[in-house]
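Enquirer: A single structure is presented below for examination.
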Amino acid sequence: MKKQYPKPKLVPVPSPNMVPERDVDKSPILECRHLGIDFGGLSAVADFDMAIGRTEIAGLIGPNGAGKTTVFNLLTKVYQPTRGTILLDGQDTHSMTTAQVSKAGIARTFQNIRLFSKLSVEDNVKIGLHNQTPYPMWSGILRLPSYWKQEKVAHERAMELLSIFDMQDLADHQAGSLPYGAQRRLEIVRALATGPSLLLLDEPAAGMNPSETAELMDNIVKIRDTFQIAIMLIEHDMNLVMGICEGICVLNFGKIIAKGTPEEIQSNPAVIEAYLGKKKEA
């Protein structure tokens with residue numbers, strides 16, 4: 115029997131967007147206004163408008179080449195927008211670098227896993243903790259008490275985060291030796307280690323079997339509920355998207371063609387045409 119996740123009502127916010135009803139009394143964690151980017155004479159993303167509530171699980175879907183990962187690259191400043199505005203917790207990120215956006219509260223995973231494969235599982239998570247466990251460089255070089263204190267804190271925090279996916283027993287394993295699904299989960303844990311307010315997941319279920327995908331769905335909801343953060347995911351597995359996403363945005367050729375609840379998206383003729391193609395007239 116397919117598991118059902120509770121879906122809140124979507125309500126308007128002071129912009130042409132919707133957020134879950136539970137988030138309506140708080141400003142959106144992310145707002146994109148007329149966001150766009152050109153590569154040469156080609157407009158890869160155009161007039162992208164979207165808001166995400168502070169505890170929303172949002173979906174960004176569309177056919178291959180629609181511009182979904184380009185949007186993630188714009189949000190994380192891998193690309194600088196040609197036009198438009200990105201507001202993160204009300205702050206314009208226009209002048210921010212990728213590192214500054216990370217410190218401000220956006221973390222992401224990638225289509226292609228990007229772990230430090232030669233390092234241990236725990237060390238990969240500790241790398242993500244750099245925003246939260248700072249100590250002076252000379253303290254680390256000289257191995258002063260402050261360094262060991264921070265290392266103890268980092269170890270405990272890393273183990274706590276790994277326990278979300280029951281991976282604490284793998285802490286000493288080399289990251290590159292893990293099965294594919296476990297590497298995917300580790301990348302999510304490392305992203306969480308940065309302490310984000312918005313977590314971007316780029317095809318988190320890619321390469322997973324149905325059992326792993328079902329477990330991933332439970333864990334995404336668990337992450338949202340535990341950390342009270344927003345999650346936005348790109349995914350081609352429609353069972354996952356329709357199962358856990360509260361608001362969904364559909365891209366095609368770099369432009370939004372539909373926004374709404376899973377039920378609204380599933381019955382939208384423009385979405386059906388984008389995925390299945392237009393039926394030929396008899």
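Positions 115 to 396 (our numbering) are the ones given, in order, by the sequence shown. Just so you know, even glycine gets a beta-carbon here, dropped at the ideal spot from N, CA and C.
Quick one: what does DSSP say W252 is sitting in, helix, strand or coil?
Expert: Note that W252 scores a pLDDT of 44, beneath 50, so its modelled location is shaky and nothing firm can be said.
Enquirer: Is T211 helix, strand or coil when you go by DSSP?
Expert: Three-state DSSP puts T211 in coil, outside helix and strand.
Enquirer: Within 10 angstroms of the Cβ of P383, are there 16 or more other Cβ atoms? Answer buried if so, exposed if not.
Expert: When all chains shown are included, P383 counts as exposed.
Enquirer: Select from Q205, T375, F367 the residue whose C-alpha is nearest the C-alpha of I358.
Expert: Comparing Cα-Cα distances from I358 to each of Q205, T375, F367, the minimum goes to T375.
Enquirer: Please go through the segment 138-200 and give each complete alpha helix (DSSP H) segment of 4 or more residues, from N-terminal end onward.
Expert: Segments of the alpha helix (DSSP H) lying fully in the segment 138-200: 182-189.
Enquirer: Can you find a CB in chain B that lies within less than 8 Å of the CB of A320?
Expert: This model lacks chain B altogether; it includes just one protein chain.
Enquirer: State the start and end residues of the unbroken beta strand (DSSP E) segment that holds I370.
Expert: 369-374 is the span of the beta strand (DSSP E), which, as asked, contains I370.
Enquirer: Would A344 and N366 be called neighbours here (beta carbons separated by less than 8 Å)?
Expert: No, Cβ-Cβ distance for A344 and N366 is not below 8 Å.
Enquirer: By how many angstroms is the C-alpha of S381 removed from the C-alpha of F230?
Expert: Whole-angstrom Cα-Cα distance: 42 Å.
Enquirer: Within a Cβ cutoff of 6 Å, which residues of the same chain sit near A396, ignoring the five residues on either side of it in sequence?
Expert: Low local confidence applies: a pLDDT of 43 at A396 is under 50, so the model's placement there is unreliable, and no value is given.
Enquirer: Could you please give me the residues that DSSP links to I220 through a beta bridge?
Expert: Looking at the DSSP assignment, I220 forms a beta bridge with L312.
Enquirer: Find out if the Cβ-Cβ distance for the pair I220, L312 is shorter than 8 Å.
Expert: Yes, these two residues count as a Cβ contact at 8 Å.
Enquirer: Look up I343 in the DSSP assignment and say whether it is helix, strand or coil.
Expert: If DSSP states are grouped into helix, strand and coil, I343 belongs with coil.
Enquirer: Can you give the Cα-Cα distance for V335 and R168, rounded to whole angstroms?
Expert: Their Cα atoms are separated by approximately 14 Å.
Enquirer: First and last residue of the alpha helix (DSSP H) that includes I358?
Expert: Run containing I358: 352-358, per the alpha helix (DSSP H) assignment.
Enquirer: So what's M234 in DSSP terms, helix, strand or just coil?
Expert: Met is not the amino acid found at residue 234; the sequence shown has Ser there. In the structure shown, S234 sits in a strand (DSSP, three-state: E or B).
Enquirer: In three-state DSSP terms, what is G361?
Expert: In this structure, G361 counts as strand in the three-state DSSP scheme.
Enquirer: Among all the DSSP beta bridges, which residues are the ones paired with I348?
Expert: Looking at the DSSP assignment, I348 forms a beta bridge with L174, D316.
Enquirer: Return the residue from the list I337, T207, R298 that minimises the CA-CA distance to M322.
Expert: If we check each option's Cα against that of M322, R298 comes out closest.
Enquirer: Give the DSSP-derived three-state secondary structure of L229 in the structure shown.
Expert: L229 falls in the coil class under three-state DSSP.
Enquirer: Do D196 and D152 have their CB atoms nearer than 8 Å?
Expert: A small correction: the amino acid at residue 196 is Thr; Asp does not occupy that position in the sequence shown. Yes, they are a contact pair.
Enquirer: Count the other C-beta atoms from every protein chain shown that fall within 10 angstroms of the C-beta of E377, then say buried if there are 16 or more, exposed otherwise.
Expert: Classification for E377: exposed.
Enquirer: My understanding is that H350 touches E317, with C-beta atoms under 8 Å, so please give their C-beta distance in whole angstroms.
Expert: Their Cβ separation, rounded to whole angstroms, is 7 Å, which keeps H350 and E317 in contact under 8 Å.
Enquirer: Tell me whether N366, by its Cβ, gets closer than 7 Å to a heavy atom of the ligand FAD.
Expert: Ligands in the displayed structure: none, and consequently the ligand FAD is not present.
Enquirer: Which residues mark the beginning and the end of the alpha helix (DSSP H) in which A305 is found?
Expert: 294-306 is the span of the alpha helix (DSSP H), which, as asked, contains A305.
Enquirer: For I386, I'd like the list of residues in its chain whose CB is within less than 8 Å of its CB, leaving aside the five on either flank, ordered along the chain.
Expert: Nothing meets the Cβ criterion.
Enquirer: To which residues of the same chain is N187 closer than 7 Å at the C-beta, ignoring the five residues directly before and after it?
Expert: Excluding sequence neighbours, N187 sits near Y193.
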